[in-house]
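Participant: Top line first, the protein sequences correspond to chains A and B. Taking the numbering used here, the leading residue of the first sequence gets 20, the next gets one more, and so forth. Taking the numbering used here, the leading residue of the second sequence gets 20, the next gets one more, and so forth. For glycine and all other residues, C-beta sits at the position ideal for the given N, C-alpha and C. Once you've had a glance at the structure underneath, I'll fire off some questions.
Protein chains: 2
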Amino acid sequence: MEIEEFVRKSLGEWSSMRSGHSLAFKHFEEIVSDIKIKLISQNDPKFRDFITSTGYSEDQAVSPFEIEWEGHSNWEETGEIKDKLRGQSLLIPIKQSSNSGIILRSKGYTEAREAKSSYQILSDGTIIFLTTYEKTSTEERIWFIHQNVRCRSSVIKSKEMNAILQTSFASEIRKLKQ
Amino acid sequence: MEIEEFVRKSLGEWSSMRSGHSLAFKHFEEIVSDIKIKLISQNDPKFRDFITSTGYSEDQAVSPFEIEWEGHSNWEETGEIKDKLRGQSLLIPIKQSSNSGIILRSKGYTEAREAKSSYQILSDGTIIFLTTYEKTSTEERIWFIHQNVRCRSSVIKSKEMNAILQTSFASEIRKLKQ
């Protein structure tokens with residue numbers, strides 16, 4: 020599988036059940052979210068402005084897409100937590116080989132700032148993203164278990180302490196194709 | 020990675036946080052378990068009796084091991100549920116290539132009876148088990164994110180309805196090496 024196919028398979032509206040595990044505290048977090056994933060035209064000013072700001076050229080981009088999410092946690096939803104549960108991010112894949120490359124993100128997953136992830140796609144179609152932020156690094160994995168069901172796991176590590184802070188797992192069901 | 024190394028890396032006592040997602044009902048289940056994984060000698064009568072009963076020969080087995088688990092769910096723990104949360108299983112890998120083969124299980128994961136899983140190990144070390152039971156089929160994945168931390172996911176499908184019944188994800192931390 021190549022990145023264009025991964026993006027194509029991900030388009031549409033998804034309902035997500037996500038569990039977070041805080042390993043040090045044996046604490047479980049539960050979040051139910053709605054997620055929308057759609058292609059972005061390479062003529063869209065959002066696309067042009069963001070890729071220009073990164074120093075990459077428009078010709079290098081394949082299948083840019085946007086993710087929008089809105090979630091509800093079992094934790095108290097106030098201020099910062101509530102803000103973390105909704106958002107959107109523009110993602111621009113840049114291929115370096117048929118099954119690997121980088122993804123530019125206008126907003127990161129673990130820290131809400133621009134980020135650059137590397138990705139590789141395994142022989143069974145699982146895609147693995149690695150992202151290094153200022154204080155943390157994250158590994159995300161996504162694999163399809165049905166054309167309308169995908170699994171997504173993440174591991175967040177503290178760079179300073181070299182410790183695993185949190186793992187998470189989401190089961191996502193597509194409600195609508197784009 | 021080959022199966023012997025996977026077994027070697029898994030030996031010891033683990034503390035597991037596991038989340039189950041019932042997709043149809045958007046229901047979350049949380050289980051905290053203790054898991055012990057130990058090698059079994061090929062001279063152990065348990066090993067000899069079980070492999071003889073399967074029709075495979077002792078020479079084909081590599082790194083037979085035993086898993087013992089005891090869990091505590093957030094669901095009401097009575098009768099059948101309580102029994103499901105504790106148990107042990109003898110597992111005997113049989114290699115068919117350097118990164119694939121089968122695993123004989125004295126007790127299955129989804130249905131509590133003898134089972135035969137196929138396994139394959141991906142290029143990043145992730146191991147995938149496929150098991151077909153009478154009414155369900157299960158895909159399990161295990162991958163190490165640190166020498167003392169592993170992730171384990173499962174997907175349970177109903178064969179009759181061709182539906183995904185449940186997914187689960189466990190974060191497991193090793194407390195003691197064997």
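Where do the ends of the beta strand (DSSP E) carrying Thr157 of chain A lie?
Facilitator: As a working mapping, residue 157 of chain A is identified with position 138 in the first sequence. That run of the beta strand (DSSP E) goes Thr155 to His165.
Participant: Starting from Val81 of chain B and walking both ways along the alpha helix (DSSP H), at which residues does that stretch end?
Facilitator: Counted from its first residue, the second sequence places residue 81 of chain B at position 62. Run containing Val81 of chain B: none; DSSP gives neither H nor E here.
Participant: Could you tell me which chain B residues have their CB closer than 9 Å to the CB of Asp63 of chain A, listed as they occur along the chain?
Facilitator: Here the question's residue 63 of chain A lines up with position 44 in the first sequence. Within 9 Å Cβ-Cβ: nothing; Asp63 of chain A doesn't reach chain B, min ~34 Å.
Participant: Counting along the chain, where does the beta strand (DSSP E) carrying Ile175 of chain A start and finish?
Facilitator: Locating residue 175 of chain A in the first sequence gives position 156, counting from the first residue. Looking at the DSSP string, the run of the beta strand (DSSP E) that includes Ile175 of chain A is Val168 to Ser177.
Participant: Just the chain B side, please: which residues come within less than 8 Å of His165 of chain A by C-beta, in chain order?
Facilitator: Translated into positions along the first sequence, residue 165 of chain A becomes position 146. Chain B residues near His165 of chain A: Ile183.
Participant: Might you give, ordered along the chain, the residues of its own chain that have their beta carbon closer than 6 Å to the beta carbon of Glu158 of chain A, omitting 5 neighbours on each side?
Facilitator: On the first sequence, residue 158 of chain A is found 139 positions in, with the first residue counted as 1. The residues are Leu149 and Val174.
Participant: Within the stretch 23–78 of chain B, note down every full alpha helix (DSSP H) run reaching 4 residues or more, in order along the chain.
Facilitator: Correct list: 64–73.
Participant: According to DSSP, simplified to helix, strand and coil, what is Arg105 of chain A?
Facilitator: In the first sequence, the residue the question calls residue 105 of chain A occupies position 86. Correct three-state label for Arg105 of chain A: strand.
Participant: Note the first and the last residue of the continuous beta strand (DSSP E) segment covering Gly120 of chain B.
Facilitator: Against the second sequence, residue 120 of chain B aligns to sequence position 101. Per DSSP, Gly120 of chain B belongs to the beta strand (DSSP E) from Ser119 to Arg124.
Participant: Answer yes if the stretch 59–74 of chain B comes into contact with the stretch 36–51 of chain B, meaning at least three C-beta pairs across the two stretches below 8 Å, and no otherwise.
Facilitator: The stretch 36–51 of chain B is not in contact with the stretch 59–74 of chain B.
Participant: Could you tell me the boundaries of the beta strand (DSSP E) in which Lys135 of chain A lies?
Facilitator: Residue numbering aside, residue 135 of chain A sits at position 116 when the first sequence is read from its first letter. Looking at the DSSP string, the run of the beta strand (DSSP E) that includes Lys135 of chain A is Ala134 to Ile140.
Participant: DSSP three-state call for Gly144 of chain A: helix, strand or coil?
Facilitator: If you number the first sequence from 1, residue 144 of chain A lands on position 125. Coil, per DSSP.
Participant: Using beta-carbon positions only, say whether Glu87 of chain A and Gln61 of chain A come within less than 8 Å of one another.
Facilitator: Translated into positions along the first sequence, residue 87 of chain A becomes position 68. Translated into positions along the first sequence, residue 61 of chain A becomes position 42. No.
Participant: For Val8 of chain A, which option in A:Arg27, A:Ser34 and A:Gln139 has the closest C-alpha, if you only look at C-alpha atoms?
Facilitator: Nothing about residue 8 of chain A can be reported from this structure: the residues present for chain A run from 20 to 197 only.
Participant: Three-state secondary structure (DSSP) at Glu89 of chain A?
Facilitator: In the first sequence, counting from the first residue as 1, residue 89 of chain A sits at position 70. Glu89 of chain A falls in the strand class under three-state DSSP.
Participant: Short of 6 Å in beta carbon distance, which residues of its chain neighbour Gly31 of chain B, apart from the five on each side in sequence? Order them along the chain.
Facilitator: Within the second sequence, the letter at position 12 stands for residue 31 of chain B. So the qualifying residues of the chain are Arg193, Leu195, Lys196 and Gln197.
Participant: Identify every residue that forms a DSSP beta bridge with Asp114 of chain B.
Facilitator: Locating residue 114 of chain B in the second sequence gives position 95, where the first residue counts as 1. As written in the sequence, residue 114 of chain B is Lys, which differs from the Asp given in the question. DSSP, once it has assigned bridges, lists B:Gly120 as partnering Lys114 of chain B.
Participant: Per DSSP, what kind of secondary structure is Lys194 of chain A in: helix, strand or coil?
Facilitator: The residue labelled residue 194 of chain A in the question sits at position 175 within the first sequence. Reduced to three states, the DSSP call for Lys194 of chain A is strand.
Participant: Would you say Ser38 of chain A faces chain B, with C-beta separation under 8 Å as the test?
Facilitator: Translated into the one-based positions of the first sequence, residue 38 of chain A becomes position 19. Yes - at least one Cβ of chain B is within 8 Å of the one on Ser38 of chain A.
Participant: For His40 of chain B and Phe188 of chain A, what's the separation of their Cα atoms in angstroms?
Facilitator: The residue given as residue 40 of chain B occupies position 21 in the second sequence. The residue given as residue 188 of chain A occupies position 169 in the first sequence. So the two alpha carbons sit approximately 10 Å from each other.
Participant: In whole angstroms, what separates the C-alpha of Thr155 of chain A from that of Arg105 of chain B?
Facilitator: In the first sequence, residue 155 of chain A corresponds to position 136, counting from 1. In the second sequence, residue 105 of chain B corresponds to position 86, counting from 1. Rounded to the nearest angstrom, the two C-alpha atoms are 36 Å apart.
Participant: Could you tell me whether any Cβ in chain B is nearer than 8 Å to the Cβ of Leu149 of chain A?
Facilitator: For the purposes of this step, residue 149 of chain A is taken as the residue at position 130 of the first sequence. No, its Cβ sits nowhere closer than 8 Å to a Cβ of chain B.
Participant: Between Ser190 of chain A and chain E, is the shortest Cβ-Cβ distance under 8 Å, so that the two count as touching?
Facilitator: Any reference to chain E falls outside this structure, whose protein chains are A and B.
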